[in-house]
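Encoded as structure tokens, the structure appears first; notes follow it.
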Amino acid sequence: HDDLPCMDNDDYRRGRSSCHKKFNENIALLSGDALLTLGFQLLSDTGNADVIGVVSRAIGSCGTIGGQVVDIESQESKKKTKDLDYIATHKTGALFEASVKVAGIFKGVGKKKIDSLSNFGKYIGFTFQLIDDLIDKDGYVASYGEEHTRKMAGLLTDRAKGHLDIFGKKARRLSEIADLVLKRHS
7 HDDLPCMDND DYRRGRSSCH KKFNENIALL SGDALLTLGF QLLSDTGNAD VIGVVSRAIG
67 SCGTIGGQVV DIESQESKKK TKDLDYIATH KTGALFEASV KVAGIFKGVG KKKIDSLSNF
127 GKYIGFTFQL IDDLIDKDGY VASYGEEHTR KMAGLLTDRA KGHLDIFGKK ARRLSEIADL
187 VLKRHS
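With the first letter of the sequence shown counted as 1, position 71 gets the number 77 in the working numbering; the numbers rise by one all the way through.
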């Protein structure tokens, strides 16, 4: 839904035509609805209510949808730091946080490790948004410049990786993913 004309009105997503440009707006909207519904169908098949709760909170008004609202409402003006932070942690970060938190729940790693995963996801999601801003030349870049945004992305990546220490070498892949997020170009 993010690329639709009524939202961000983007013609491209990661260098490819967005769904509403490739097909049409109606198909794009229904495709988004169908994919969201399919996700919850698959989660319900697990029978794990905790997982469904984590994902629904991450997507709902306190997560991605709430972040999108702030993004839309603040488009006309230069965004303030608190708005940019809210958008990054809710619109983007909430999904990263939920993804790794759900993995921890399925693995049964315990509350302390789930909290560490949650913090890792939150910070790496924020980094992902900063890199998006660098690629698109908007958001943090428009307000604070490329150098400050790049430095902040590096600091958040380091902070994210610090939350993996509790896992030792078992977190090597997550650490590599954090590096890939920081270095991506599209």
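Each residue gets a CB set at the ideal place from its N, CA and C atoms; glycine is no exception.
The structure presented is a predicted model; accordingly, all values stated were derived computationally and were not measured.
Sub-9 Å separation of residue i and residue j beta-carbons
i           : j           : result
residue 59  : residue 101 : no
residue 19  : residue 25  : yes
residue 105 : residue 170 : no
residue 94  : residue 146 : yes
residue 57  : residue 44  : no
residue 187 : residue 137 : yes
residue 76  : residue 92  : yes
Supposed contact pair residue j and residue i - C-beta distance, whole angstroms, cut 8 Å
i           : j           : result
residue 98  : residue 131 : 5 Å
residue 103 : residue 143 : So it is not a contact: roughly 26 Å between Cβ atoms.
residue 133 : residue 177 : About 16 Å; that fails the 8 Å criterion.
residue 10  : residue 35  : 7 Å
residue 90  : residue 126 : Actually they do not touch by this definition, with Cβ atoms about 21 Å apart.
residue 71  : residue 65  : 7 Å
residue 96  : residue 73  : 3 Å
Beta-bridge pairing of residue i - partner residues as DSSP gives them
i          : result
residue 24 : DSSP output for residue 24 lists no bridge partner at all.
residue 19 : 22
Same chain only: Cβ atoms within 8 Å of residue i, ignoring 5 sequence neighbours per side
i           : result
residue 119 : 110, 172 and 173
residue 21  : 192
residue 62  : 46
residue 160 : 188
residue 55  : none
Residues near residue i in its chain [Cβ-Cβ closer than 6 Å; skip 5 each side]
i           : result
residue 113 : none
residue 32  : none
residue 182 : none
residue 28  : none
residue 135 : 94 and 98
Closer than 9 Å to chain C by CB, residue i
i          : result
residue 49 : The structure shown contains no chain C; it is built from a single protein chain.
Close-in-space but distant-in-sequence residues of the same chain around residue i (CB under 7 Å, 5 per side omitted)
i           : result
residue 185 : none
residue 80  : 89
residue 152 : 140
residue 190 : 137
What are the start and end residues of each continuous alpha helix (DSSP H) run of 4 or more residues lying completely inside the stretch 129-163, in chain order?
-> 146-150
Would you mind listing the alpha helix (DSSP H) stretches within the stretch 86-118 that are 4+ residues and don't spill past its ends, in chain order?
-> 87-92 and 99-113
Can you list, in chain order, the stretches of the alpha helix (DSSP H) that have 4 or more residues and sit fully within the stretch 47-77?
-> At a cut-off of 4 residues, the continuous stretches assigned as alpha helix (DSSP H) that sit fully inside the stretch 47-77 are 55-65.
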